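Single-structure report; data block below.
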Amino acid sequence: MTRLWHWTQVLYLLSCLLSVSWATKGNILSFENTAIVRTVELGGSLVAVTTTYAIQAVTGDTSEYIVALSEAEHGVTSWIEATLKGSVDPLQLKPLGYKHDYAAHLYSITLPKVPVKGETTSLVLETVQTKATYPWPPSSPQGGEQLLKYESDLLVISPYVTSVQRTKVRGPASIRSFTTPEGLGAFTDEPTAVQAGSVVTYGPYKNIPASANPFFAEESQKRILIHYEFNEGVLTVVKLQRAAEISHWGSNLNIENQILLRNTGPTLKGHFSRLDHQFQGHYHSASAQSIRSVPMLLPAGINTPYYYDLIGNVSTSKFRPSRSGKSRTLQFSYLDLRPRYPLLGGWNYSFTLGWDAPLSDSAKWDAKTGRYIIGVPYWTPITGSYVEEAEVKIVLPEGATDVEVFPPFNPLTVNRTVHTSYLDTTGRPAIILTNTRITDRHTGVIYVTYKVPFTAHLKKPIAVAAATFSVFVLALAARRVDPRIHK
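What follows is the structure, given as structure tokens:
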């Protein structure tokens, strides 16, 4: 039966070789995987996956290595990066899209050089998954335990032959249960799953043919499910609206965030008891189902921070500033935001967070080109969470021209509009960037360059002078008007 399966697989691969569109860049005969090790770090809203490929050049004629992600894995992957093992410099990673012949989404990784025939290279592929876990049971009483489930493909698929591979799933706390796949006798004679503490190891699986194809997905691929305990809040930023306003006259950068939070853990079963909540906080450890505070690391050197919700100022929060410049003792300013009520599963909390910062900390003037260069952080990460919908609006000074924007990663949309505020005449140019499923690895800086003519700098004082002069003219005219009917 095993021999028949292998012959069927070989015939399928031969048909694929005749039809692939990217064979000129590197086909499935260019490399082979001597070993693949995948490590899955389970969390709440985020799951970090690190896959190490030990690849060997078979032909030594290409530097393009192809990575495949199944439809299910690609659907939950929000961030992806490839590096050489031991290096921090990312390699060029180009998405090739979904290929029906391989039943997978393909990515092309460009190696620093063309490897010599027989040379071995170690690649590290890091991904961050969102919406990959879900609470089970879906509801829990107040103070109850919080359990999550994670589901994934067992085998790492690849368009190349793989000598051996294994998968390690590491839980943050205890593992309650896990599935043991069957029907893998063609790849292993050993137990397919072994648990050691909070780590479950699948494999090793040996002599795996090229697996990025519909036949392998249907006949050999298995699904695994891990049921584990998570003792922290499962926090999701449903919507983030960030506005950054640049003021040359005030030498100030104002950033304001409108944030909608949601606890995406198990929903509350029954009613909420304030008495039980206070009792648990004083005499027992706080329940993981309840989120009492949201710690945030803000930029150093900010001043006049403000945070309020629909009712007013959130005075229960704590802010610890940090100086900007070379003399700062802390790298970040620290904000411990405490909502007015604990966030239980399924509950929402919306608030506004803003601050001012010296413009000199994030902007500079290039005398050679006559352009201003400013950097605006894409977002301020909240530990253990991701953003479902993000919108960043950068408002430039009035009269700014030749505007160019350089985002740290490709946004979904980039729109240009005009923002009008008080004392404006023609309005201020603004750039709006949108994206979805932003993780803590999307912490880049948006760089914007622009020019401001000298005459544009005079618009504001001219507008102020004109408004003041108009007030005096109206006052003088009012004094000359006699409102009396009879003299």
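Residue numbers (our numbering): 1 to 487. Using N, Cα and C, we set each Cβ at its ideal position, and we do this for glycine too. None of these values were measured; they are calculated from a predicted model.
task: Rank V314, L154, W347 by C-alpha distance to the C-alpha of L335 and give the top, closest one.
output: To locate residue 335, count along the sequence shown from 1; it is residue 335. Of V314, L154, W347, the residue nearest in Cα terms is V314.
query: First and last residue of the alpha helix (DSSP H) that includes A217?
result: The sequence position of residue 217 within the sequence shown is 217, counting from 1. Unbroken alpha helix (DSSP H) run through A217: 214-219.
- prompt: Which value, in whole angstroms, describes the spacing of the CA atoms of V114 and D61?
  reply: As a working note, residue 114 is residue 114 in the sequence shown. As a working note, residue 61 is residue 61 in the sequence shown. If you take the alpha carbons of V114 and D61, they lie about 7 Å apart.
- request: Using beta-carbon positions only, say whether G444 and Y378 come within less than 8 Å of one another.
  value: Mapped onto the sequence shown, residue 444 falls at position 444. Mapped onto the sequence shown, residue 378 falls at position 378. Yes, the Cβ-Cβ distance between G444 and Y378 is below 8 Å.
message: My parser needs the alpha helix (DSSP H) runs of 4 or more residues fully inside the region 418-484; what are they?
response: 454-457, 459-480
- prompt: Which word fits W249, buried or exposed, when buried means at least 16 other C-beta atoms lie within 10 angstroms of its C-beta?
  reply: Start at 1 with the first residue of the sequence shown, and residue 249 comes out as number 249. Result: exposed.
- prompt: What's the call for K489, buried or exposed, on a 16-neighbour Cβ count within 10 Å?
  reply: Limits of the chain in this structure are 1 at one end and 487 at the other, which puts residue 489 out of reach.
task: Kindly give me the distance between the Cβ atoms of I374 and P407, rounded to whole angstroms, as I take these residues to be in contact under 8 Å.
output: Translated into positions along the sequence shown, residue 374 becomes position 374. Translated into positions along the sequence shown, residue 407 becomes position 407. Beta-carbon to beta-carbon, I374 and P407 are separated by about 13 Å, too far to satisfy the 8 Å threshold.
- prompt: How many Å lie between G435 and P411 at the Cα?
  reply: Indexing the sequence shown from 1 puts residue 435 at position 435. Indexing the sequence shown from 1 puts residue 411 at position 411. Correcting the residue type first, residue 435 is Asn in the shown sequence and not Gly. Distance between the alpha carbons of N435 and P411: 5 Å.
- request: Starting from the C-beta of G270, find all residues in its chain whose C-beta is less than 6 Å away, skip the five residues before and the five after it, and write them out in chain order.
  value: Locating residue 270 in the sequence shown gives position 270, where the first residue counts as 1. Taking C-beta separations shorter than 6 Å and ignoring five residues to either side along the sequence, the partners of G270 in its chain run P141, following chain order.
task: Could you tell me whether the Cβ atoms of R170 and T383 are closer together than 8 Å?
output: Counting from one through the sequence shown, the residue named residue 170 turns up at place 170. Counting from one through the sequence shown, the residue named residue 383 turns up at place 383. No, the pair does not count as a contact, with Cβ atoms beyond the cut-off.
Beta-carbon proximity list for P321, same chain, < 6 Å, skipping 5 on both sides: The residue you call residue 321 lines up with position 321 of the sequence shown. Here the set comprises S333.
- request: Using the DSSP secondary-structure output, state which residues sit across from A35 in a beta bridge.
  value: By one-based count along the sequence shown, residue 35 stands at place 35. A54, per the DSSP bridge assignment.
- request: Tell me whether the beta-carbon of V237 lies closer than 8 Å to the beta-carbon of I259.
  value: Taking the first residue of the sequence shown as position 1, residue 237 is located at position 237. Taking the first residue of the sequence shown as position 1, residue 259 is located at position 259. Cβ atoms of V237 and I259: closer than 8 Å.
- request: Counting only the same chain and skipping the five closest in sequence on each side, list residues whose C-beta sits under 8 Å from that of K25.
  value: Here the question's residue 25 lines up with position 25 in the sequence shown. Because the pLDDT at K25 is just 43, under 50, the model does not fix this residue reliably, and the value given afterwards should be weighed accordingly. Counting only Cβ-Cβ distances below 8 Å, and skipping sequence neighbours, we find T62, E64, S108.
message: Just to confirm my understanding: we take V418, look at its own chain, exclude 5 residues before and 5 after, and list those with CB closer than 6 Å. What are they?
response: Walking along the sequence shown from the start, residue 418 turns up at place 418. If we look at V418 and ignore the five residues flanking it on each side, its Cβ neighbours are G427.
- request: Rounded to whole angstroms, what's the CA-CA distance from A367 to S247? Just pull it up for me.
  value: On the sequence shown, position 367 is the one that residue 367 refers to. On the sequence shown, position 247 is the one that residue 247 refers to. Cα to Cα, the separation comes out at about 19 Å.
Same chain only: Cβ atoms within 7 Å of K99, ignoring 5 sequence neighbours per side: Here residue 99 corresponds to residue number 99 of the sequence shown, with the count starting at 1. Apart from sequence neighbours up to five positions away, the residues of its chain that approach K99 with a beta-carbon distance below 7 Å are L106, ordered along the chain.
message: Which of the three DSSP states is assigned to A210 in this structure?
response: By 1-based counting over the sequence shown, the position of residue 210 is 210. Correct three-state label for A210: coil.
message: Using a Cβ-Cβ cutoff of less than 7 Å, which residues in the same chain neighbour F409 once the five nearest sequence positions on both sides are dropped?
response: Here residue 409 corresponds to residue number 409 of the sequence shown, with the count starting at 1. Contacts found: H442, G444.
- request: Could you tell me whether the region 195-214 touches the region 355-367, where touching means 3 or more Cβ pairs closer than 8 Å?
  value: No, they do not touch.
message: Going by C-alpha to C-alpha distance, which of E404, T121, K94, E398 sits closest to S491?
response: Residue 491 lies beyond the range of the chain shown here (1 to 487); nothing can be said about it.
message: Just to confirm the assignment: which complete beta strand (DSSP E) runs, minimum length 3, are found wholly within the region 348-427?
response: 348-358, 363-366, 371-377, 387-395, 401-406, 413-419
Short Cβ contact (8 Å threshold) for L155 with Q56: If you number the sequence shown from 1, residue 155 lands on position 155. If you number the sequence shown from 1, residue 56 lands on position 56. Cβ distance not < 8 Å, so L155 and Q56 don't count as in contact.
Helix, strand or coil at G26 according to DSSP, with G and I counted as helix: Walking along the sequence shown from the start, residue 26 turns up at place 26. Only weak support exists for where G26 lies, its pLDDT of 47 falling under 50; the value from the coordinates is given anyway. Reduced to three states, the DSSP call for G26 is coil.
message: Considering only the alpha carbon of each residue, which of T316, Y306, A132 lies closest to H227?
response: Indexing the sequence shown from 1 puts residue 227 at position 227. Of the listed residues, the one whose Cα sits closest to H227 is A132.
For G97, the first and last residue of its enclosing beta strand (DSSP E): For this step, residue 97 is matched to residue 97 along the sequence shown. First-last of the beta strand (DSSP E) with G97: 92-99.
field: Classification of Q165 by the beta-carbon crowding that lies within 10 angstroms, buried from 16 upward
entry: Looking up residue 165 in the sequence shown gives position 165. Q165 counts as buried, since no fewer than 16 other beta carbons sit within 10 angstroms of its beta carbon.
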